[in-house]
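Trainee: Residues 25 to 486 (my numbering) make up the sequence shown, in order. My questions will all concern the structure given below.
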Amino acid sequence: MPEQCGIFSGHMGGNKEILFFGPDENTANFMDLGADLGRIRGYPYWKALTTGKSVKLGGVPHDTYGMTTASVHTYVTELLEELGEDETSISKFQTGGPDGDLGSNEILVSKDRTVAIVDGSGVLYDPVGLHREELIRLARRRSMVKEFTRSFLGPDGFLVRIEETNVTLPDGSKWRTGAELRDSFHLTKYATADLFVPCGGRPNAVTTESVKNLFHASGKPKFRMIVEGANLFFSDGARAVLEQAGVHVFKDASTNKGGVSSSSLEVFSALALPDKEHSKLMAYDPDKHSEPPDFYATYVQQILDIIIENARQEFRAIWTCNQKDGVPKVEATRKLSIKINKMCDNMEKQFKSGMTEQEKQQLVRAVLLKAVPPLMIQHLGVDGILARVPENYIGSIVGAWVASRFVYRYGINASEVSFFFFMRSLLSIGGDGSCEEAPVAGTPTAKRPAGAVVGSVAEEGP
25 MPEQCGIFSG HMGGNKEILF FGPDENTANF MDLGADLGRI RGYPYWKALT TGKSVKLGGV
85 PHDTYGMTTA SVHTYVTELL EELGEDETSI SKFQTGGPDG DLGSNEILVS KDRTVAIVDG
145 SGVLYDPVGL HREELIRLAR RRSMVKEFTR SFLGPDGFLV RIEETNVTLP DGSKWRTGAE
205 LRDSFHLTKY ATADLFVPCG GRPNAVTTES VKNLFHASGK PKFRMIVEGA NLFFSDGARA
265 VLEQAGVHVF KDASTNKGGV SSSSLEVFSA LALPDKEHSK LMAYDPDKHS EPPDFYATYV
325 QQILDIIIEN ARQEFRAIWT CNQKDGVPKV EATRKLSIKI NKMCDNMEKQ FKSGMTEQEK
385 QQLVRAVLLK AVPPLMIQHL GVDGILARVP ENYIGSIVGA WVASRFVYRY GINASEVSFF
445 FFMRSLLSIG GDGSCEEAPV AGTPTAKRPA GAVVGSVAEE GP
């Protein structure tokens, strides 16, 4: 291990660290390798070292179960509910195609009239709505839009592949190549709909300078709603311009954390379950068994339930912050995140040195019953979890859950009095922090979701 051979001794006060590595662009296929290397080198938490592993190692693949999409699409449905609109009646523009994680799962769960999809292979457009069954076929096969059957396009629809040259669109505009059109299509006159969900694309695809192309000549925005799936598609300046024009913009840092939540609970299962039980209950070979173990299937569903509930609560917090206090939604994401992270850090400090053992045990047990998937409580009990999961990880779960749930309920300007009532209710028998004595404000989450730990946390030394 690094500290044993002098390469690295840790940076958290001399304490050991528990490390976690998550997949990103072009690294998803290395997660099993990373965990296996940890096992070979004797790392005690090797099953929790990487997330997004294959099911053979007890991983919970984000794309297979649509973990990130679960949070992104919850923002869509919650927003439509607030606006009193039906999803089947709205039009949608989407970047990121049926071959990708976000793009394919967005197609599979949505009920809108999708007018355009842009992916690495080209541009697919039909103003009356793309053939839904054909999109579903591509999404299930993870095929790109270039495989779309052209006979399903209406008279004004088109499919332009990136390898095409000298392209002329129905409006008479000319493009040297299909690739050039693909890269700029979201800024053309065709890019207009009720809802825009970017599920892929380059960072800063829309900047403070180019955002003007997202407006009609009349000055009216081309989209009424934007729910970001892909990271960094919009610059902060572009978001501000759109919000000032009345567009409902929900930022990536809030909307797409379902994958982060899934990873944190994948780590938790690897830490909480004994090795033999983890292999039996959370791992299987799909080449030999068509269905996962019942325990695994139930655990995955409970992860999805937690992701959706977290997204609902954060949406409500942002919405309340915007509607009651006039804070722009993008700014509300930032303020809520800061509030939760700061409070979480303070909670963890108190958990380590500012509480008696009795107080700590009471708080830990109350929170674990609410913060972790019920299946794990039923299988191990609180005592079983405490016996196996490192104490510093438990402290992080408690701090993150208390901080997020308090800010979700009382908002960014909550007082110490509100926190007193919240904690009194939480620590009462059957309490959940939802008391009546103090006024309620709203609800959010930082990039660190409730009950989740990301990156590394300090492990107490002997």
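For every residue, glycine included, the Cβ atom is placed at its ideal position computed from N, Cα and C.
Hey, could you find the ends of the beta strand (DSSP E) V84 is sitting in?
Mentor: Working through the sequence shown from its first residue, we reach residue 84 at position 60. Run containing V84: none; DSSP gives neither H nor E here.
Trainee: Between which residues of its own chain and V464 is the CB-CB distance below 7 Å, once the five residues before and five after are set aside?
Mentor: Taking the first residue of the sequence shown as 1, we reach residue 464 at position 440. Unreliable placement is indicated for V464, whose pLDDT of 36 sits below 50; the coordinate value is still reported in the next sentence. Closer than 7 Å at the Cβ level, and outside the excluded window around V464, lie R433, Y434.
Trainee: With N190 as the anchor, note down where its beta strand (DSSP E) starts and where it stops.
Mentor: Translated into the one-based positions of the sequence shown, residue 190 becomes position 166. Taken as a continuous stretch (DSSP letters only), the beta strand (DSSP E) holding N190 covers 189-192.
Trainee: In three-state DSSP terms, what is D218?
Mentor: The residue given as residue 218 occupies position 194 in the sequence shown. In this structure, D218 counts as strand in the three-state DSSP scheme.
Trainee: Looking at the secondary structure, which residues open and close the alpha helix (DSSP H) in which R429 lies?
Mentor: Mapped onto the sequence shown, residue 429 falls at position 405. It spans 415-434 - the alpha helix (DSSP H) in which R429 sits, taken as one unbroken run.
Trainee: For S115, does the three-state DSSP call read helix, strand or coil?
Mentor: In the sequence shown, the residue the question calls residue 115 occupies position 91. Strand, per DSSP.
Trainee: Just mark D241 as buried or exposed, buried being the case when its beta carbon has 16 or more other beta carbons within 10 Å.
Mentor: Within the sequence shown, residue 241 is the residue found at index 217, counting from 1. In the sequence as presented, Asp is not what sits at residue 241; that position holds Ala. With fewer than 16 other Cβ atoms within 10 Å, it is exposed.
Trainee: Alpha carbon to alpha carbon, how far is V184 from K77?
Mentor: Residue 184 sits at position 160 when you count from the first residue of the sequence shown. Residue 77 sits at position 53 when you count from the first residue of the sequence shown. Answer to the nearest angstrom: the Cα atoms are 36 Å apart.
Trainee: Which residue from K281, L73, V230 puts its Cα closest to that of V265?
Mentor: Here residue 265 refers to the residue found at position 241 of the sequence shown. The option with the nearest alpha carbon to V265 is V230.
Trainee: Taking all protein chains shown into account, do 16 or more other C-beta atoms lie within 10 angstroms of the C-beta of S134, making it buried, or fewer, making it exposed?
Mentor: Start at 1 with the first residue of the sequence shown, and residue 134 comes out as number 110. So S134 ends up on the buried side.
Trainee: Whether or not the region 341-352 and the region 314-330 are in contact is what I'm after, with contact meaning three or more pairs of Cβ atoms, one per stretch, closer than 8 Å; do they touch?
Mentor: At 8 Å Cβ cutoff, the stretches do not touch.
Trainee: Please report how far the alpha carbon of D180 lies from the alpha carbon of L162, in whole angstroms.
Mentor: The count along the sequence shown starts at 1 and reaches residue 180 at position 156. The count along the sequence shown starts at 1 and reaches residue 162 at position 138. Computed Cα separation, rounded: 21 Å.
Trainee: Using the C-alpha atoms, what's the distance from R412 back to P298?
Mentor: As a working note, residue 298 is residue 274 in the sequence shown. As a working note, residue 412 is residue 388 in the sequence shown. For P298 and R412, the distance between alpha carbons rounds to 8 Å.
Trainee: Who are M249's beta bridge partners in DSSP?
Mentor: By one-based count along the sequence shown, residue 249 stands at place 225. Answer by DSSP bridge pairing, in chain order: L219, H272.
Trainee: If I follow the unbroken beta strand (DSSP E) through K198, where does it start and stop?
Mentor: For the purposes of this step, residue 198 is taken as residue 174 along the sequence shown, with counting starting at 1. Its beta strand (DSSP E) spans residues 198-201.
Trainee: Go ahead and pull the three-state DSSP assignment for F258.
Mentor: By one-based count along the sequence shown, residue 258 stands at place 234. Residue state, collapsed to three classes: strand.
Trainee: Given a threshold of 16 other Cβ atoms within 10 Å of its Cβ, counted over all protein chains shown, does E187 qualify as buried or as exposed?
Mentor: Working through the sequence shown from its first residue, we reach residue 187 at position 163. Flag for E187 reads exposed.
Trainee: What residue range is occupied by the uninterrupted alpha helix (DSSP H) comprising F339?
Mentor: Indexing the sequence shown from 1 puts residue 339 at position 315. Here the alpha helix (DSSP H) through F339 covers 318-349.
Trainee: Which runs of the alpha helix (DSSP H) spanning at least 4 residues fall entirely within the region 150-195, listed in chain order?
Mentor: Fully enclosed alpha helix (DSSP H) runs of 4 or longer: 156-165.
Trainee: Under the rule that 16 or more other beta-carbon atoms within 10 Å means buried, what is L107, buried or exposed?
Mentor: Locating residue 107 in the sequence shown gives position 83, counting from the first residue. Flag for L107 reads exposed.
Trainee: Considering only the beta carbon of each residue, do K116 and L219 sit closer than 9 Å?
Mentor: Position 92 of the sequence shown holds residue 116. Position 195 of the sequence shown holds residue 219. Their beta carbons are under 9 Å apart, which means K116 touches L219 by this criterion.
Trainee: By a C-beta neighbour count over all protein chains shown, 10 Å radius and 16 as the cutoff for buried, is G282 buried or exposed?
Mentor: For this step, residue 282 is matched to residue 258 along the sequence shown. Result: buried.
Trainee: Report yes if the CB atom of G261 is closer than 9 Å to the CB atom of V235, and no otherwise.
Mentor: Taking the first residue of the sequence shown as 1, we reach residue 261 at position 237. Taking the first residue of the sequence shown as 1, we reach residue 235 at position 211. Going by C-beta atoms, G261 is nearer than 9 Å to V235.
Trainee: Can you grab the Cα-Cα spacing for the pair L376 / G423, in whole Å?
Mentor: As a working mapping, residue 376 is identified with position 352 in the sequence shown. As a working mapping, residue 423 is identified with position 399 in the sequence shown. In the sequence as presented, Leu is not what sits at residue 376; that position holds Lys. Whole-angstrom Cα-Cα distance: 11 Å.
Trainee: Quick one, which of I131, M447, D143 has its alpha-carbon nearest A390's?
Mentor: Along the sequence shown, one-based indexing puts residue 390 at 366. That would be M447, whose Cα lies nearest to the Cα of A390.
Trainee: Is the Cβ-Cβ distance between V152 and R137 less than 9 Å?
Mentor: Along the sequence shown, read from residue 1 onward, the residue named residue 152 stands at position 128. Along the sequence shown, read from residue 1 onward, the residue named residue 137 stands at position 113. Closer than 9 Å, so yes.
Trainee: At what residues does the beta strand (DSSP E) containing D123 begin and finish?
Mentor: As a position in the sequence shown, residue 123 is number 99, starting the count at 1. Premise fails: D123 is in no beta strand (DSSP E) and is neither H nor E.
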